[in-house]
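Our numbering applies: residue 1471 is where the sequence shown begins, and numbers increase by one.
Just so it is clear, CB atoms sit at the ideal spot from N, CA and C, and this is done for glycine as well.
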Amino acid sequence: FISVELERGIPRLLIDFGSGTLELKVKTKRPLDDGEWHRLDIFWTTE
């Protein structure tokens, strides 16, 4: 699975393809739960 969430305003990406869950948190200058629209681009490479 792939999941994108906000945890206390911090973007969090969870990925699990069967071998355990990988959690990535994105550092931002300020929390994103401010009622405004935000864009988060996610890129995946298979190198």
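{"Item": "Paired residues, beta bridge with residue 1481 - DSSP", "Value": "1476"}
{"Item": "Counterpart residues of residue 1499 in DSSP-defined beta bridges", "Value": "Paired residue(s): none; residue 1499 is not in a bridge."}
{"Item": "Residue 1588 versus residue 1488: straight-line alpha-carbon distance, rounded", "Value": "Not covered by the structure: residue 1588. The range shown for the chain is 1471 to 1517."}
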